[in-house]
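Undergrad: Below is the structure I would like to discuss, written out as structure tokens.
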Amino acid sequence: QSVQIYGIADVSVGSFKESGGKRTEQVASGRMATSFLGFRATEDLGGGLQAIVTLEHFMRMDTGEAGRFAGDSFWSRNANVGIRGDFGFIRLGRMGTPLFVNTLSFNPFVDSFGFSPAIRTIYQGGIGKLSGDSGWNNAVGYGTPRFGGFNANLLVSAGEGAGEGPNIGGSLQYASGPLALGLAAQKVQTAFSRGDETAWQLGASYDFGVVKAFGQVGRIKEGETFVGAARAAGYDTRDRTLQAGVSVPVTATGKVLASYGEAKTTGARDSKRSFTSLAYDHNLSKRTDVYAVVMFDKLQGQDRAATTAVGIRHNF
Amino acid sequence: QSVQIYGIADVSVGSFKESGGKRTEQVASGRMATSFLGFRATEDLGGGLQAIVTLEHFMRMDTGEAGRFAGDSFWSRNANVGIRGDFGFIRLGRMGTPLFVNTLSFNPFVDSFGFSPAIRTIYQGGIGKLSGDSGWNNAVGYGTPRFGGFNANLLVSAGEGAGEGPNIGGSLQYASGPLALGLAAQKVQTAFSRGDETAWQLGASYDFGVVKAFGQVGRIKEGETFVGAARAAGYDTRDRTLQAGVSVPVTATGKVLASYGEAKTTGARDSKRSFTSLAYDHNLSKRTDVYAVVMFDKLQGQDRAATTAVGIRHNF
Amino acid sequence: QSVQIYGIADVSVGSFKESGGKRTEQVASGRMATSFLGFRATEDLGGGLQAIVTLEHFMRMDTGEAGRFAGDSFWSRNANVGIRGDFGFIRLGRMGTPLFVNTLSFNPFVDSFGFSPAIRTIYQGGIGKLSGDSGWNNAVGYGTPRFGGFNANLLVSAGEGAGEGPNIGGSLQYASGPLALGLAAQKVQTAFSRGDETAWQLGASYDFGVVKAFGQVGRIKEGETFVGAARAAGYDTRDRTLQAGVSVPVTATGKVLASYGEAKTTGARDSKRSFTSLAYDHNLSKRTDVYAVVMFDKLQGQDRAATTAVGIRHNF
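Spelled out as structure tokens, the structure:
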């Protein structure tokens, strides 16, 4: 059989509250890592080439529903086919963006849509939120091989005359020993923004051994067309995002994670949102861990909200 | 590969009629056993512990549609992750309720939503129908190991401020030689009932060898808040359910199944519905069987309806 | 594990334009072969019998969405269970129709909903379009074994009192050495047509070695009930379809495909639509190919539209 099945099952139990929102006790799916089921088919084409099909389905394990939210597409994590070789790789279909990969790569909570201050401020926070999803439809992606520690990615998404796109994004990564650096940028055209939105982000991590440190700074800027009515409606904004965090291995199987992230909006509206997350993550095995998290969420003008949760995550 | 794929494909052809309804000739999916596709990932954590992810998808094989009905969630049979060990098991996510397991365990037609009088009266009959699904969202389930023939299950479902829940359910089972006993109870809070609904069910089976006998009695009681307008609207009801059946192995590969079940409603409305099912089930192999069923359905004040069907079921 | 996972991932990049429509640059899924993911479970029942479950899911790899279009059922390619043996096979559930199989069998672009003139005119063209899908719900299918080069298929779909059906379809095939012949016919009752629609199609192919030639002729005829208001509304039509094509192996791993197809409508409306497709298809391996296509689309009274695309297809 040439098809691999894999994924992540993440469910937590906790007391959740957004800044300005209502507290609820929940059994929640995918807060630490978005639960998904994947299928990957590969074929060796000879000459160092390989054909790869990736189909990845997000699901909500608390309710059994497909997708990350109502209306999400079934294969929203990845749905693409491509070829990998000495030249790097090229993929066609739906896939994650370079800016999203940069966001998850340089913070200790990785791609946690529940608890990562970086993800929350940029992809989920309202304030500072990027236009466009963490994955793009109708895309062609190219990634270089690694040259002396460097590699780069480029992603283009066709507009197809519909609301979103054409979009373009790219990134440049450097890794050498304990140091990793990443710079990503993107330009998104959406029906909502009625104009271009440009964003960039610089990330870095350094593994000191006793602690791994992470940092990110970024900007999101609404485009030139955002004047007049759009400005009056509060769309014409500039956002500044930053994140700093650490991952501290405290035992052979446990580590402490801490991260602070904020997004500050100026322009048509002034606002600020910040998240502070602290977690203990314990590995039961190579593929299964349990964790306890506390997260503080503060939206300007609203109360400081605390969320606490314990959960289990299994990589299969 | 650590992921198992399994399921049931059940399709029958027949002349179907509900009491008071219209007769239609149908190719129908999942009447004898609801068709599903499952994925199970397991990992040995050491120390007798095991991590388990279960994702189970109901589908309608007659139309190719996902779910048991329009609007059903994709992974409605099971979507959970948990740990199993000497302590029993704990699971988080969506999973079947103890009362549902008790209902299917002590009747010869098991979980047949088409032909089991027990399932039909309690989960599908209108009269006597439980509030809440056969599986609950946002749930935490715990099951004990077996002690001297006994084991118990507990399931709690968070309300999360939405319509349904918090719910709680539990069961106690005993099995020794030919005898099996089960007692299950649950309390459900739904947006529809605007109050608590409590239900319990006692089930028993005894395998005499030449015949295996099954019996169930139960009660469903709408809560205290059901007064005034709700009573006038006919929601304030008490239901009494019972079922008696046999499974008779007539050849090495064939058995006859017979079951009678009824639900009697009193309170704001008086009503009664009964089902009588008779089937011959023939095993073509360990995992494939074919069957012929006749079922009579009688709703108080309506005609006695007869359904006849032949079908094939494959466990994969 | 008794379950096989397989499918097709097909994504192309091109400039697409329908006759009378708008040109868009697209990354498109399933234009050369509709992308799908399949699960097949088989069990040997002894005595030469085999139980088979087939679940096949179409997906749009450009957007990650399930189905061929919004509202398509999840398992729309196949969802059936059956038995295969010396007697042939019988299947219950949802499955492809004999006329659809005949349509894809005798044209060089096979089941390409993007580029096959035969498929486009009959299943997607508007003009000449069959009532009923390429697969039928609530169906029972029987296929004979091969006798002296001949085999036949019969498919019956229950109406179930809803919009579509009962439908009936059948086909007869002959294959001997380089020659293959197929005749298929069907009668469909739909809510839309408010009457019977009958269709038939004759197809042939001959492999000369240096070139394989394909030809198809067919008729689609709206039923007797189509009079009065229906005629006035333009539903009462007769369609004549034809297709001629070649597949030319030009290298050990590459072949040129060419096909012309048209559907001509008479009756309540007079119209004609034709497609001309030319492709080069290059095998990177046994299961992966890349292709370049140009297709001309002409709807009577509209402009001649040219579509060009390059793509990759992987069979897994």
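As you go down the protein sequences, you meet chains A, B and C in turn.
Using this note's numbering, read the first sequence as starting at 50 and increasing by one per residue.
Using this note's numbering, read the second sequence as starting at 50 and increasing by one per residue.
Using this note's numbering, read the third sequence as starting at 50 and increasing by one per residue.
C-beta atoms are modelled at their ideal positions from N, C-alpha and C, and glycine is treated no differently.
Any contact of the stretch 329-336 of chain A with the stretch 352-359 of chain A, i.e. 3+ C-beta pairs under 8 Å?
TA: no
Undergrad: Between which two residues does the alpha helix (DSSP H) harbouring T146 of chain A extend?
TA: DSSP places T146 of chain A outside any alpha helix (DSSP H), giving it a letter other than H or E.
Undergrad: Is DSSP giving Q173 of chain B helix, strand or coil here?
TA: helix
Undergrad: According to a CB-to-CB cut-off of less than 7 Å, which residues of the stretch 102-115 of chain C neighbour chain A?
TA: M108, M110, D111, T112, G113, E114 and A115
Undergrad: Which residues in chain B have a C-beta closer than 8 Å to the C-beta of L86 of chain A? List them in chain order.
TA: F88 and L104
Undergrad: Using a cut-off of 8 Å between C-beta atoms, extract the partners of V60 of chain C located in chain A.
TA: Those are N129, V130, L141 and G142, listed as they occur along chain A.
Undergrad: Which residues in chain A have a C-beta closer than 7 Å to the C-beta of Q75 of chain C? List them in chain order.
TA: Those are N187, A207 and E209, listed as they occur along chain A.
Undergrad: Sort C:D352, C:G231 and C:T170 by Cα distance to K71 of chain C and report the nearest one.
TA: Selected option, being the one with the closest Cα: C:D352.
Undergrad: Can you name the residues that DSSP bridges to R268 of chain A?
TA: A:W249 and A:R289
Undergrad: Apart from the five residues just before and just after A328 of chain C, which ones in its own chain have a Cβ nearer than 6 Å to its Cβ?
TA: L306, Y340 and V342
Undergrad: Go through the stretch 62-111 of chain A residue by residue and report every complete run of the beta strand (DSSP E) that reaches 3 residues or more, in order.
TA: Segments of the beta strand (DSSP E) lying fully in the stretch 62-111 of chain A: 73-78, 85-95 and 98-109.
Undergrad: How about V380 of chain B: is its C-beta nearer than 8 Å to some C-beta of chain A?
TA: Since the first residue shown for chain B is 50 and the last is 365, residue 380 of chain B is missing from the structure and cannot be characterised.
Undergrad: Run the CB neighbour count on S64 of chain B, radius 10 Å, all protein chains shown included, and call it buried at 16 or more, exposed below.
TA: exposed
Undergrad: Using only the alpha-carbon positions, how far apart do F107 of chain A and A119 of chain C sit?
TA: If you draw a straight line from the Cα of F107 of chain A to the Cα of A119 of chain C, it is about 19 Å long.
Undergrad: Is V52 of chain A close to chain C, meaning its C-beta is less than 8 Å from at least one C-beta of that chain?
TA: yes
Undergrad: Helix, strand or coil for S161 of chain C, going by three-state DSSP, please let me know.
TA: coil
Undergrad: At a Cβ threshold of 8 Å, is K71 of chain C touching chain A?
TA: yes
Undergrad: Could you round the C-beta distance between R80 of chain A and E105 of chain A to whole angstroms and report it? I think they count as a contact, below 8 Å.
TA: That belief does not hold up - the Cβ atoms of R80 of chain A and E105 of chain A are roughly 18 Å apart, past 8 Å.
Undergrad: For V266 of chain B and L232 of chain B, what's the separation of their Cα atoms in angstroms?
TA: 10 Å
Undergrad: My guess is that N151 of chain B and Q75 of chain B are in contact by the Cβ rule of under 8 Å, so how many angstroms apart are they, rounded?
TA: Rounded to the nearest angstrom, the Cβ distance from N151 of chain B to Q75 of chain B is 30 Å, too far for a contact under 8 Å.
Undergrad: Hey, how far is the Cα of L148 of chain B from the Cα of R268 of chain B?
TA: Going by the C-alpha atoms only, they are around 11 Å apart.
Undergrad: Look at I168 of chain C and L179 of chain C and say whether their C-beta atoms are less than 8 Å apart.
TA: Between I168 of chain C and L179 of chain C, the gap from beta carbon to beta carbon reaches 8 Å or more.
Undergrad: Quick one: grab the DSSP three-state call for A301 of chain C.
TA: coil
Undergrad: Check the Cβ of S334 of chain C against every Cβ in chain A and list those closer than 9 Å, keeping chain order.
TA: E92, D93, L94, G95, L98 and A100
Undergrad: Taking 8 Å as the CB-CB cut-off, is W124 of chain B touching chain A?
TA: yes
Undergrad: With T146 of chain C and Q238 of chain C assumed to form a contact (beta carbons below 8 Å), what rounded beta-carbon distance in angstroms separates them?
TA: Incorrect: roughly 14 Å between the Cβ atoms, too far for contact.
Undergrad: Closest to E67 of chain B by C-alpha separation, out of B:K321, B:G95 and B:L348, would be which residue?
TA: B:L348
Undergrad: For G331 of chain A, would you say it is in contact with chain B, using Cβ-to-Cβ distances shorter than 8 Å as the test?
TA: This sequence places His at residue 331 of chain A; Gly is not what is there. The beta-carbon of H331 of chain A is placed no less than 8 Å from the nearest beta-carbon of chain B.
Undergrad: Would you please verify whether the beta carbon of T247 of chain C is less than 8 Å from any beta carbon of chain A?
TA: No, no contact with chain A.
Undergrad: If we define contact as Cβ-Cβ less than 8 Å, is F118 of chain A a contact residue for chain B?
TA: no
Undergrad: What's the gap between the Cα of F155 of chain A and the Cα of T302 of chain A?
TA: F155 of chain A and T302 of chain A have their C-alpha atoms some 21 Å from each other.
Undergrad: Suppose you measure from the CA of G366 of chain B to the CA of Q53 of chain B; what does that come to, to the nearest Å?
TA: Outside the displayed span of chain B (50 to 365) sits residue 366 of chain B, for which this structure offers no information.
Undergrad: Among B:D338, B:T325, B:I132 and B:N364, which has the Cα closest to the Cα of D346 of chain B?
TA: B:T325
Undergrad: I need the straight-line Cα distance from S183 of chain A to F85 of chain A, nearest angstrom please.
TA: 15 Å
Undergrad: With a threshold of 16 other CB atoms inside 10 Å of the CB of S225 of chain C, please say whether the residue is buried or exposed.
TA: exposed
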